[in-house]
Structures are given as C-alpha cells and as structure tokens.
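In terms of this note's numbering, the numbers along the sequence shown are unbroken and rise by one, the last being 139. C-beta atoms are modelled at their ideal positions from N, C-alpha and C, and glycine is treated no differently. Right, one structure below, let's go through it.
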Amino acid sequence: MRNRIEVKGLSDLESVLKKLGDDVAVKVLRKAGSEAMKPVLADMKAHAGFDATNSGEHMRDSIKIRTNSRIKDKKTQTVVTVRVGPSKQQAMKARAQEFGTVKQIARPFIRPALDYQREFILNALASEIRASIEKHR
C-alpha cells in the first residue's frame, strides 16, 4: 500500500523564501522542521528498545532532531534537511529493531512514528512556515 501526499504552492513558497534571503530562509525552515518533528521524536523514544541491563547509552536517549543547511549544496535543491533518529553509534541497534535480524523479530519504531504523525507534520510545517514568514516580512 502506497501513501500519496499532494502539496501545492511550493513555487510560491520558494519565491517568498528567496525574498527573505538565505540566512532567514534557513532559520525559518529549521525552526518549522524541528517543531513539526517533535511528536515523531516523542513517538520514536517511546517505542525504541530499552535494555535495563545496559549501563551505557541507551538507543532511546540518543534519538534527537537534527537539521542541516543544504542551501550552498549545488547538487540538490534542498534548503534544509531535518532528520529524527538515533545517533550514529546506535544505528546498528536501530536497524536491527526496525527490520529484524536472523535472531530478532522486527519491532519497527521509526516508520510508524512518521506514519502516525504525517498529518500533524504537514499541518505544523505549514503553520510554522507561515508564522515565521509573517514575522520576518
């Protein structure tokens, strides 16, 4: 089963962001992306594996929202990349839980968090971007 999302007005958004300037555009999109992904962060942390016998860092404690500016990257038209997930050190554990292994059944927590929050993410992005643009005009 495939999900389909239709987004309209991206060319208008692009022109408004260009008028604001690169620094402000990155700031607006980082803030909007981070706000929109907060429920995904909470959902991932709630369903990530936890081993009480482990004295080191737990996977759920390494899950964070990370943003990267890609505005100067000539290979892509992306302005900001927003990621939610565990640290690189916990990536193997996350993959094993998400997809399973020969010895472990899959207990997905990344994809379901995104799927359950999809509607909120889109609405939050729209309202946060709109509010930030109005603020900087």
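Length of the line joining the Cα atoms of residue i and residue j
i	j	result
L116	A50	14 Å
G87	F52	15 Å
A38	I65	16 Å
P41	V104	31 Å
R109	Q92	15 Å
V81	D24	9 Å
R132	L15	9 Å
K74	P114	32 Å
M46	T78	28 Å
N56	V84	29 Å
G58	K90	15 Å
H138	A44	29 Å
E72	R32	With the sequence shown as reference, residue 72 is identified as Arg, and Glu is not the correct amino acid for it. Cα-Cα distance, rounded: 11 Å.
H60	A54	9 Å
D63	G35	20 Å
E121	S17	25 Å
M94	I67	18 Å
N70	N125	22 Å
E136	Y118	29 Å
K20	A48	38 Å
L22	V28	10 Å
8 Å contact criterion, which residue i and residue j should meet: CB distance rounded
i	j	result
S134	V30	4 Å
I142	A96	Residue 142 is absent from the structure shown; the chain starts at 3 and stops at 139.
Sheet register partners of residue i (DSSP bridge)
i	result
K66	G87
V82	S71
Short CB-CB distance (under 7 Å) between residue i and chain D
i	result
S134	Looking at the structure shown, chain D is missing, and only one protein chain is on hand.
4 or more residues per run - each alpha helix (DSSP H) lying fully within the region 20–80: 24–49 and 61–64
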